[in-house]
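Chemist: Got a structure for you, written out below as structure tokens; questions coming shortly.
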Amino acid sequence: MSKNSSIQFQDYFKLYVLFKDKIIFEELLFKNDIKFCNDDNEILNDSCRYFLLNKDRNKIDKLLIGNKIIASTETIPTYDYRENIKVQRIFFLVILVVIVLMVIAIFIFD
227 MSKNSSIQFQ
237 DYFKLYVLFK
247 DKIIFEELLF
257 KNDIKFCNDD
267 NEILNDSCRY
277 FLLNKDRNKI
287 DKLLIGNKII
297 ASTETIPTYD
307 YRENIKVQRI
317 FFLVILVVIV
327 LMVIAIFIFD
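Set out below in structure tokens:
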């Protein structure tokens, strides 16, 4: 089903899914019997391009939201905010440790 090139001759849209979500996304498409065509040769910004039928758009939206898969179109670039949250947590943890050490140092030297 992944090489269903007849989709490109029907009413379709392009969707870019992050490379790390590719296996999960394709598994969901197979389970829900959604026809798709992917372009394995073209990987843009760590994203894989899929051609999907417009009639399946609502089902695909529900799959993406329900499984927290980051996807985009050609006009909206893909950005994984989940990675940014991890960095922010580490940053705030380091800041908290520095502040606690400074407070301890103030009490010891005063």
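Just remember that the working numbering sits 226 ahead of the position in the sequence shown, which is counted from 1. Cβ coordinates follow ideal geometry from the N, Cα and C atoms, glycine included.
Quick check on residue 280: does DSSP put it in helix, strand or coil?
Modeler: Stepping through the sequence shown from its first residue, residue 280 is reached at position 54. Helix.
Chemist: Would residue 317 be called buried (16 or more neighbouring beta carbons within 10 Å of its own) or exposed?
Modeler: Along the sequence shown, read from residue 1 onward, the residue named residue 317 stands at position 91. Answer is exposed; the Cβ neighbour count stays below 16.
Chemist: Spell out the partners DSSP gives residue 241 in its beta bridges.
Modeler: For the purposes of this step, residue 241 is taken as the residue at position 15 of the sequence shown. Answer by DSSP bridge pairing, in chain order: 276.
Chemist: Considering only the beta carbon of each residue, do residue 321 and residue 251 sit closer than 8 Å?
Modeler: Along the sequence shown, read from residue 1 onward, the residue named residue 321 stands at position 95. Along the sequence shown, read from residue 1 onward, the residue named residue 251 stands at position 25. Not closer than 8 Å, so no.
Chemist: Name the one or two DSSP bridge partners that residue 262 has.
Modeler: Position 36 of the sequence shown, counted from the start, is the residue given in the question as residue 262. 278.
Chemist: Quick check on residue 360: buried or exposed, where buried means 16 or more other Cβ atoms within 10 Å of its Cβ?
Modeler: A question about residue 360 goes unanswered here, because the residues of the chain that appear run from 227 up to 336.
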